[in-house]
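In the working numbering, the protein residues as written are 310 to 459. We treat Cβ as the ideally placed atom computed from N, Cα and C, and that holds for glycine. Worksheet: the structure to be examined is printed underneath.
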Ligand code: MN
């Protein structure tokens, strides 16, 4: 396990299994992950945590992931933070809507562990955050990614 935190990543996700999966993957790659399960707390959490990247589920109660992306982009202190959208129900045109709202990347559920980790590294690199050599800590348990979509 690395002793230096590479990046601070806020995870907004209402499903406990996905929270554990995402946070385990991120910490295994040297990142510090903070999880928010109630999207109504996400904006305040982002202001306090000052993440290098936000990963948000789209299907969230109260404030949807799409609304949250718009709130983050409307905050002058957070507008620069890259956002990765994760969703189980992407219909035709959804990716364009996520990108139009301000998400730089989109990963469908159940996630591919490799695609998830690569997207995180790409977003951090494009934002100028050092990410080291991705892929050294692959867990390789693809079955753990087969969570029920929510
Ligand atoms: Mn959800």
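Item checked: Secondary structure, alpha helix (DSSP H): runs of 4+ residues fully inside the stretch 379-439 -> 403-410, 422-435
Next item on the list: Measure the alpha-carbon distance for residue 366 versus residue 359 and round it to whole angstroms.
Entry: Here residue 366 refers to the residue found at position 57 of the chain shown. Here residue 359 refers to the residue found at position 50 of the chain shown. Roughly 19 Å between the two C-alpha positions.
Next item on the list: Measure the CB-CB distance between residue 334 and residue 355 and report whether it falls below 8 Å.
Entry: Translated into positions along the chain shown, residue 334 becomes position 25. Translated into positions along the chain shown, residue 355 becomes position 46. No, they are not a contact pair.
Next item on the list: State the DSSP-derived secondary structure class of residue 333, mapped to helix, strand or coil.
Entry: The residue given as residue 333 occupies position 24 in the chain shown. Under the three-state reduction of DSSP output, residue 333 falls in the helix class.
Item checked: Residue range of the beta strand (DSSP E) that includes residue 344 -> The residue you call residue 344 lines up with position 35 of the chain shown. 341-345 is the span of the beta strand (DSSP E), which, as asked, contains residue 344.
Next item on the list: Give a single yes or no on whether residue 368 has its beta carbon closer than 7 Å to a heavy atom of the ligand MN.
Entry: Residue numbering aside, residue 368 sits at position 59 when the chain shown is read from its first letter. Yes, Cβ of residue 368 sits closer than 7 Å to a heavy atom of the ligand MN.
Check: What do you reckon, is the C-beta of residue 403 under 7 Å from a heavy atom of the ligand MN?
Finding: Locating residue 403 in the chain shown gives position 94, where the first residue counts as 1. Incorrect: residue 403 has no Cβ contact closer than 7 Å to the ligand MN.
Next item on the list: Please list, in chain order, all residues of the same chain as residue 318 whose beta carbon is under 8 Å from its beta carbon, the five residues on each side excluded.
Entry: For the purposes of this step, residue 318 is taken as the residue at position 9 of the chain shown. Within the same chain, residue 318 has close Cβ partners 335, 340, 341, 342, 343, 360, 361, 362, 363, 364, 429.
Margin query: Helix, strand or coil for residue 328? Go by DSSP, reduced to three states.
Written below: Residue numbering aside, residue 328 sits at position 19 when the chain shown is read from its first letter. Correct three-state label for residue 328: helix.
Check: Assuming residue 378 and residue 410 make a contact with CB atoms under 8 Å, what is their CB distance in whole Å?
Finding: As a first step, residue 378 is located in the chain shown; it is residue number 69 there, counting from the start. As a first step, residue 410 is located in the chain shown; it is residue number 101 there, counting from the start. Going by Cβ atoms, the distance from residue 378 to residue 410 rounds to 4 Å, so yes, they are a contact pair.
Margin query: Quick check on residue 361: does DSSP put it in helix, strand or coil?
Written below: In the chain shown, the residue the question calls residue 361 occupies position 52. Coil, per DSSP.
Check: Would you call the CB atoms of residue 415 and residue 394 closer than 8 Å?
Finding: Residue mapping note: residue 415 aligns to position 106 of the chain shown, counting from 1. Residue mapping note: residue 394 aligns to position 85 of the chain shown, counting from 1. For residue 415 and residue 394, yes; Cβs fall inside 8 Å.
Margin query: What I want to know is whether the C-beta of residue 347 ends up closer than 7 Å to one or more non-hydrogen atoms of the ligand MN.
Written below: Translated into the one-based positions of the chain shown, residue 347 becomes position 38. No; taking the cut-off as 7 Å, the Cβ of residue 347 has no heavy atom of the ligand MN nearer than that.
Notebook entry, point to check: Pick from 435, 383, 376, 328: whose alpha carbon is nearest that of residue 407?
Noted result: On the chain shown, residue 407 is found 98 positions in, with the first residue counted as 1. Comparing Cα positions, the closest option is 376.
Checklist line | Contacting residues, own chain, Cβ-Cβ under 7 Å from residue 432 (five flanking each side not counted) | finding: Position 123 of the chain shown holds residue 432. Non-local C-beta neighbours of residue 432 in its own chain, meaning closer than 7 Å and more than five positions away in sequence, comprise 362, 391, 393, 413, 414, ordered along the chain.
Next item on the list: Compute the Euclidean distance between the alpha carbons of residue 326 and residue 419, then round it to the nearest angstrom.
Entry: Counting from 1 along the chain shown, the entry for residue 326 is found at position 17. Counting from 1 along the chain shown, the entry for residue 419 is found at position 110. Using only the alpha carbons, I get a separation of about 11 Å.
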